[in-house]
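What follows is one structure encoded as structure tokens, with my remarks underneath.
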Amino acid sequence: MAAVPNTAALPAPAPIQQLHHYAYRARDAEETRHFYEDILGLPLYHIIQSDYVPSTGEYCPYTHFFFRLQDGSFIAFFDLGDDQACEPSPNTPKWVNHISFRVDSVQALEDMKARLQAHGVDVLGVTDHHIFHSIYFFDPNGIRLELTAQLADEFQMLQESRTAHARLHEWTARKEQWRKDRAAGKGDAPLKPPRNDRPEFAKNG
2 MAAVPNTAAL PAPAPIQQLH HYAYRARDAE ETRHFYEDIL GLPLYHIIQS DYVPSTGEYC
62 PYTHFFFRLQ DGSFIAFFDL GDDQACEPSP NTPKWVNHIS FRVDSVQALE DMKARLQAHG
122 VDVLGVTDHH IFHSIYFFDP NGIRLELTAQ LADEFQMLQE SRTAHARLHE WTARKEQWRK
182 DRAAGKGDAP LKPPRNDRPE FAKNG
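Numbers in our numbering are just positions in the sequence shown, counted from 1, shifted up by 1.
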């Protein structure tokens with residue numbers, strides 16, 4: 002186990018202002034540009050091209066291209082020139098890994114659903130998450146995307162934040178016990194959370 006650093010001697014965490022960009026592998030740059038710029042409306046804003054990866058120095062020719070969101074952040078992609086898309090994780094359900102973008106209203110969400118469907122994109126939802134509504138769909142690279150209209154105001158979200166640590170601590174304690182039980186051969190069923198925030202989807206209790 003790594004030694005615990007003397008945090009008193011460390012600088013305070015720098016304020017992280019916003020997401021700068023999230024990057025993913027793209028099968029084809031133009032196919033991806035059409036989807037994000039022409040359908041979703043995110044302008045192509047910046048391109049980096051090189052034969053070598055700056056962070057590692059390895060040889061891997063690429064085109065790295067960025068689409069800008071309204072807040073100045075980006076979603077970005079790498080076309081490695083081989084017509085290969087990033088394969089999904091074999092041990093993770095397709096609905097787990099996704100990117101969510103916020104729109105201003107439920108009406109905007111409905112409008113985007115209609116726009117996507119008109120372009121032949123399969124859309125799931127509108128889904129009611131209580132504090133927000135969402136639609137779900139996949140981009141040409143197999144990335145699951147979500148568009149979200151926030152319903153809860155800042156006060157409600159502040160109230161939610163006051164219980165987040167306690168709820169996570171409870172989950173962690175239960176998971177530690179689950180690991181011990183599994184190691185002792187007392188069962189291998191997945192750990193269930195102590196509280197079901199979506200009881201309307203529960204089946205047979």
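We put the beta carbon where it would ideally sit given N, CA and C, even for glycine.
Beta-carbon within less than 7 Å of residue i's beta-carbon, same chain only, minus the 5 sequence neighbours each way: which residues are those?
i	result
S74	Q19, L20, H21, H22
V54	C61
Based on the DSSP secondary-structure assignment, which residues constitute the bridge partners of residue i?
i	result
A77	A24, F67
H131	BP columns for H131 are empty, so no partner.
L125	Y137
Y53	Y60
Does DSSP put residue i in a helix, in a strand, or in coil?
i	result
A1	Lying before the first or after the last residue shown, residue 1 is absent from the chain, which here runs from 2 to 206.
H47	strand
S101	strand
L169	helix
L148	strand
N205	Caution is warranted here: a pLDDT of 45 is assigned to N205, below 50, making its placement in the model unreliable, and no coordinate value can be reported.
D72	coil
P62	strand
D198	coil
D11	Reading off the sequence shown, one finds Leu at residue 11, where the question assumed Asp. In the structure shown, L11 sits in coil (DSSP, three-state: anything other than H, G, I, E or B).
H120	coil
Q19	coil
Using 10 angstroms around the beta-carbon of residue i, count the other beta-carbons present and answer buried if the total reaches 16, otherwise exposed.
i	result
S51	exposed
F36	buried
H134	buried
L11	exposed
M158	exposed
D77	The question names Asp, but residue 77 in the sequence shown is Ala. So A77 counts as buried.
I136	buried
F156	exposed
So, for residue i: in the same chain, excluding its five sequence neighbours on each side, which residues have a beta-carbon less than 6 Å away from its beta-carbon?
i	result
N205	Caution is warranted here: a pLDDT of 45 is assigned to N205, below 50, making its placement in the model unreliable, and the coordinate value is therefore given only provisionally. Cβ neighbours of N205 beyond the five flanking positions: none.
R34	L45
F79	R26, Y63, H65
V122	F138
I48	F66
Please go through the same chain and pick out, in chain order, the residues whose beta-carbon is closer than 8 Å to the beta-carbon of residue i, but skip the five residues on each side of it.
i	result
G82	P62, Y63, T64
E111	V127
Taking contact to mean at least 3 C-beta pairs separated by less than 8 Å, is the region 82 to 98 in contact with the region 130 to 144? yes
Any contact of the region 102 to 120 with the region 147 to 159, i.e. 3+ C-beta pairs under 8 Å? yes
For the region 184 to 198 against the region 158 to 175, are there 3 or more C-beta pairs whose distance is under 8 Å? yes
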